[in-house]
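K.L.:
Structure incoming, see below.
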Amino acid sequence: MKKLFKITTPEGLHARPAALLVTAVTPFECEVQLTYKEKSVNLKSIMGVMAQGIAPESIVEISAEGPDAEQLFQTVTELIVSKGIGEEC
Numbered sequence: 019m020k021k022l023f024k025i026t027t028p029e030g031l032h033a034r035p036a037a038l039l040v041t042a043v044t045p046f047e048c049e050v051q052l053t054y055k056e057k058s059v060n061l062k063s064i065m066g067v068m069a070q071g072i073a074p075e076s077i078v079e080i081s082a083e084g085p086d087a088e089q090l091f092q093t094v095t096e097l098i099v100s101k102g103i104g105e106e107c
């Protein structure tokens, strides 16, 4: 399962929103990846997400596989939109 998101925060995906995302997905069982510029990292790793250097207006892909992937996407989509991190593409 995959979804695209456009990062809309003026600072890009910096420490605070990255930490919110990592904290939100960590309890889920499934494997979850964040892909930006053809490089994928584990979305449960704050260091991996921060190392991506995701700029404002960037498109990222989040992919998840596992028994709770659907619920994970509901949580991630709600968080990204409600916290003003970005929007679903």
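Quick note: the working numbering has the sequence shown finishing at residue 107, numbered continuously throughout. The beta carbon of each residue, even a glycine, is placed where N, CA and C say it ideally should be.
Of the choices His32, Pro45, Glu96 and Leu97, whose alpha-carbon is the least far from that of Gly66?
P.N.:
By one-based count along the sequence shown, residue 66 stands at place 48. Of the candidates His32, Pro45, Glu96 and Leu97, the one whose C-alpha sits nearest the C-alpha of Gly66 is His32.
K.L.:
Run through the segment 24 to 101 for me and flag every whole beta strand (DSSP E) of 3 or more residues, listed as ranges in chain order.
P.N.:
49 to 54, 57 to 60 and 77 to 83
K.L.:
Report yes or no: do three or more beta-carbon pairs, one from the segment 86 to 102 and one from the segment 68 to 77, lie closer than 8 Å?
P.N.:
Taking a contact to require three or more Cβ pairs closer than 8 Å, the segment 86 to 102 and the segment 68 to 77 do not qualify as touching.
K.L.:
If you pair each beta-carbon of the segment 20 to 39 with each one of the segment 78 to 85, do three or more pairs fall below 8 Å?
P.N.:
yes
K.L.:
Nearest CA to the CA of Gln70: which residue from Ala36, Ala87 and Thr27?
P.N.:
For the purposes of this step, residue 70 is identified with residue 52 of the sequence shown, where counting begins at 1. Nearest of Ala36, Ala87 and Thr27 to Gln70, Cα basis: Ala36.
K.L.:
Can you give the Cα-Cα distance for Gly84 and Met19, rounded to whole angstroms?
P.N.:
Walking along the sequence shown from the start, residue 84 turns up at place 66. Walking along the sequence shown from the start, residue 19 turns up at place 1. Cα-Cα distance, rounded: 9 Å.
K.L.:
Should Gly102 be labelled buried (16 or more other beta-carbon atoms within 10 Å of its own) or exposed?
P.N.:
On the sequence shown, residue 102 is found 84 positions in, with the first residue counted as 1. Gly102 should be labelled exposed.
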